[in-house]
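Asker: Per this note's numbering, numbering through the sequence shown is continuous, rising by one, with the last residue being 508. We put the beta carbon where it would ideally sit given N, CA and C, even for glycine. The structure displayed is predicted, hence computed values, not measured ones. Structure below; questions to follow.
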Amino acid sequence: MVIEYTPHAAQMEIHRARGFRFRTVCTGRRFGKTLCMAAELLDRGGGDPLSPAEKALAESAAQGVGCGEAGRVRDYAWVAPTYGVAERGVEAFRTIAPDIARIVGRMPARAEFNGAAGPCRVWFLSADNPDSIRGFGFRGIVLDEAAAVPSSVWNYVLRPTLAQTLGWAVFISTPMGRNWFYDMFTRGVEGQAGFKSFTFPSNVSPYFPAKEWDEARRTLPEDVFRQEYMAEFLEDSAGVFRGIEGCLVGEDPADNGGRGNKSGIGPVVVGCDIAKHTDWTVLIAMEARTGRCLAMERFNRLDWPVQRERIAGFVKKWRGRLVMDATGVGDPVFDDLRRELPAAEGFRITAQSKRELVQGLMVAVEQRRVAWPAGPVGSGSGQWQYAGVGSQNEREELAQRRGGAEGNREALPTAHCTLQTGPWEVLTAEMKRYEYVAGPSGQVTYSAPSGYHDDCVMALALAVWGCRAAGVEPGRMARLPARGGGTAVLGLV
Numbered sequence: 016m017v018i019e020y021t022p023h024a025a026q027m028e029i030h031r032a033r034g035f036r037f038r039t040v041c042t043g044r045r046f047g048k049t050l051c052m053a054a055e056l057l058d059r060g061g062g063d064p065l066s067p068a069e070k071a072l073a074e075s076a077a078q079g080v081g082c083g084e085a086g087r088v089r090d091y092a093w094v095a096p097t098y099g100v101a102e103r104g105v106e107a108f109r110t111i112a113p114d115i116a117r118i119v120g121r122m123p124a125r126a127e128f129n130g131a132a133g134p135c136r137v138w139f140l141s142a143d144n145p146d147s148i149r150g151f152g153f154r155g156i157v158l159d160e161a162a163a164v165p166s167s168v169w170n171y172v173l174r175p176t177l178a179q180t181l182g183w184a185v186f187i188s189t190p191m192g193r194n195w196f197y198d199m200f201t202r203g204v205e206g207q208a209g210f211k212s213f214t215f216p217s218n219v220s221p222y223f224p225a226k227e228w229d230e231a232r233r234t235l236p237e238d239v240f241r242q243e244y245m246a247e248f249l250e251d252s253a254g255v256f257r258g259i260e261g262c263l264v265g266e267d268p269a270d271n272g273g274r275g276n277k278s279g280i281g282p283v284v285v286g287c288d289i290a291k292h293t294d295w296t297v298l299i300a301m302e303a304r305t306g307r308c309l310a311m312e313r314f315n316r317l318d319w320p321v322q323r324e325r326i327a328g329f330v331k332k333w334r335g336r337l338v339m340d341a342t343g344v345g346d347p348v349f350d351d352l353r354r355e356l357p358a359a360e361g362f363r364i365t366a367q368s369k370r371e372l373v374q375g376l377m378v379a380v381e382q383r384r385v386a387w388p389a390g391p392v393g394s395g396s397g398q399w400q401y402a403g404v405g406s407q408n409e410r411e412e413l414a415q416r417r418g419g420a421e422g423n424r425e426a427l428p429t430a431h432c433t434l435q436t437g438p439w440e441v442l443t444a445e446m447k448r449y450e451y452v453a454g455p456s457g458q459v460t461y462s463a464p465s466g467y468h469d470d471c472v473m474a475l476a477l478a479v480w481g482c483r484a485a486g487v488e489p490g491r492m493a494r495l496p497a498r499g500g501g502t503a504v505l506g507l508v
């Protein structure tokens, strides 16, 4: 099998370390990490040895190779923060193996080819839909832009898919602060068994233009250049919002047992960003006086009547004043909602008003005038959802049985118990990867990177703007250590 790929020296160094089970590859932009991993999957596809468990099953079933009929096809995964980012992996396969790999399907797509020991499939999956990954068993995983993927997706969803095959994983990414990707990188640096780490700046690649390197160094803010091009792990990621960690609280600050806006909570503003095409509709309830985020809902692919009902229900539950994006597709939606929620206010987003909206949120974050949970209560990574279970006793019974579901899928139907990435984790990830670009005139524009969403960011920004529009400036949060080493919101300074 011949592929159209010639590795440069740094890529070759990564390939030579394939004997390590877990590799972390931290590089600057345009290093060539996507092509590097696509080539490695094609090269080793089907050639990875059987695990002891597979050998035992193969011998007992007398099937020869793999675990029964399904084991004859060897599955690998390419997982990215969104399907849009995963498509870059698909394009890499098309580029270097146009006559070898056949691309099948869409969202999720898969690449099929014949490897050294038989047919192989590489599944291109999205970390923002982790439930779709359950049930797979992979021989290897490439986690693309790993720094932008919640840690819960790796710990609770992806890692178990490698258990039976004793499979491997490669984490490739540009750094994004010192999050869990940094922790994985540190394991390799420390020489922990089975771990290997690499870090390369963009210009290590012979294909990266020297002129672009010099231009980026001259024109970009220093922290942006160090993170995005030199691949340095900074204390705080070089994005739009500085001081995000100072805005995270250790537990849900005011869910109030799910009962909505009752005693002890002041006036509430609900920021709402309406889904456009493949985006998400996001609702964030914020206590106007303190800037505390009280609750959040995030959903997509729902018919408008269902969305309208959920939005109105959320606003009424928190007795809040709705502030929503009324631009484009949001305009008729806003008019429809206003008939049911007369106090609702629309915000028309233009290039100028979006700058002002985002900059208002930047100030609120930097001055710690807004706060949201770091993640679900307890572990801070992922949360169990109990669907179709009515009574508290039933929910508690299912919670006790959860351990059995983790080890045995038949113990508890997935329709009843599924692990989902918490919406607060999604918000934090969106905040950390938000970008700005300075145009030729020096005018700055803000957006999520290509292939990513910014619905949570915009909903939060609208909530902050709504507080100010109501004549309330969210107050600076005072914090003391909370349970579990987090922080707790105590009041105003």
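Residues bridged to P236 by DSSP?
Answerer: In DSSP, P236 forms no bridge with anything.
Asker: What does a CB cutoff of less than 8 Å around E160 pick up in its chain, not counting 5 residues either side in sequence?
Answerer: Here the set comprises A95, P96, V100, I187, S188, T189.
Asker: Let's test the definition: count the other Cβ atoms within 10 Å of the Cβ of W333 and tell me whether it reaches 16, buried, or not, exposed.
Answerer: Classification of W333: buried, given that the 10 Å Cβ count is 16 or more.
Asker: So, helix, strand or coil for M52, using DSSP?
Answerer: Looking at M52 - three-state DSSP - the assignment turns out to be helix.
Asker: So with Cβ pairs under 8 Å, would you call E260 a contact of chain B?
Answerer: Protein chains in the displayed structure number just one, and chain B is not present.
Asker: Name the residue from A32, E250, P175 whose alpha carbon lies nearest to the alpha carbon of Y197.
Answerer: Cα-wise, what sits closest to Y197 is E250.
Asker: Helix, strand or coil: which one does DSSP assign to M311?
Answerer: Strand, per DSSP.
Asker: Determine the direct distance from the alpha carbon of E102 to that of G130, and round the result to whole angstroms.
Answerer: Each residue's Cα considered, the two are about 22 Å apart.
Asker: Between I115 and A124, is the Cβ-Cβ spacing less than 8 Å?
Answerer: Contact: no.
Asker: How big is the Cα-Cα spacing for G79 and A463?
Answerer: Here G79 scores only 44 on pLDDT, less than 50, and its place in the model should not be relied on; the value that follows carries that caveat. Between G79 and A463, the C-alpha separation is close to 49 Å.
Asker: Does the Cβ of A162 have 16 or more other Cβ atoms within 10 Å, making it buried, or fewer, making it exposed?
Answerer: Label assigned to A162: buried.
Asker: Give the single residue among F314, G281, Q179 whose Cα lies nearest to the Cα of A303.
Answerer: Considering only alpha carbons, the answer is G281.
Asker: Relative to the C-alpha of G43, which candidate in R89, F223, D146 has its C-alpha closest?
Answerer: Closest by alpha carbon: F223.
Asker: At a cut of 8 Å, does the region 169-186 reach the region 467-474 through at least three beta carbon pairs?
Answerer: Flag = no, the region 169-186 and the region 467-474 do not touch.
Asker: Relative to the C-alpha of M446, which candidate in R483, L376, E247 has its C-alpha closest?
Answerer: Closest by alpha carbon: L376.
Asker: Measuring straight from C-alpha to C-alpha, what distance separates A386 and D350?
Answerer: Taking the straight line joining both Cα atoms gives about 30 Å.
Asker: Go through the region 323-355 residue by residue and report every complete run of the beta strand (DSSP E) that reaches 3 residues or more, in order.
Answerer: List check, beta strand (DSSP E) in window: 335-340.
Asker: For M301, which residues does DSSP report across the bridge?
Answerer: Bridge partners of M301: V284, C308.
Asker: Secondary structure at V378, three-state DSSP: helix, strand or coil?
Answerer: If DSSP states are grouped into helix, strand and coil, V378 belongs with the helices.
Asker: Could you check which residue in E312, F139, A484 has the C-alpha nearest to that of E371?
Answerer: The option with the nearest alpha carbon to E371 is A484.
Asker: If we call anything under 8 Å between Cβ atoms a contact, is R154 one with V88?
Answerer: No, Cβ-Cβ distance for R154 and V88 is not below 8 Å.
Asker: Pick out whichever of S220, V297, Y461 has its Cα sitting closest to the Cα of F46.
Answerer: Selected option, being the one with the closest Cα: S220.
Asker: Provide the residue span of the alpha helix (DSSP H) that contains K291, from first to last.
Answerer: Here K291 belongs to no alpha helix (DSSP H), and DSSP marks it neither H nor E.
Asker: Looking only at its own chain, which residues have a Cβ that is under 6 Å from the Cβ of F139, when we skip the five neighbours before and after it?
Answerer: Contacts found: W93, A101, G104, V105, P123, A124.
Asker: Identify the continuous alpha helix (DSSP H) that holds C482 and give its terminal residues.
Answerer: First-last of the alpha helix (DSSP H) with C482: 470-484.
Asker: Give me the DSSP bridge partner(s) of R89.
Answerer: According to DSSP, R89 bridges with C135.
Asker: Note down, in chain order, each residue of its chain lying with its Cβ closer than 8 Å to the Cβ of F151, except the 5 sequence neighbours on either side.
Answerer: Excluding sequence neighbours, F151 sits near D90, A92, W138, T176.
Asker: Between which two residues does the beta strand (DSSP E) containing F37 stretch?
Answerer: 37-42 is the extent of the beta strand (DSSP E) around F37.
Asker: Output the distance between the C-alpha atoms of M52 and R149, rounded to the nearest integer angstrom.
Answerer: Taking the straight line joining both Cα atoms gives about 23 Å.
Asker: Between which residues of its own chain and R202 is the CB-CB distance below 8 Å, once the five residues before and five after are set aside?
Answerer: Only F37, T39, F210, S212 meet the Cβ criterion.
Asker: C41: which of E55, G34, A25, L56 sits nearest, CA to CA?
Answerer: If we check each option's Cα against that of C41, A25 comes out closest.
Asker: Using only CA atoms, which one of R109, S147, F362, G258 lies nearest to A478?
Answerer: Nearest C-alpha to A478: F362.
Asker: Where does the unbroken alpha helix (DSSP H) through E445 begin, and where does it stop?
Answerer: Its alpha helix (DSSP H) spans residues 438-448.
Asker: Looking only at its chain, what residues have a beta carbon closer than 6 Å to the beta carbon of E355, apart from the 5 residues adjacent to it on each side?
Answerer: Excluding sequence neighbours, E355 sits near A327.
Asker: For M27, count the other beta carbons within 10 Å of its own beta carbon; 16 or more makes it buried, fewer makes it exposed. Which is it?
Answerer: That one is exposed.
Asker: Taking A101 as part of the alpha helix (DSSP H), name the residues at either end of that continuous run.
Answerer: Note, A101: alpha helix (DSSP H), 98-111.
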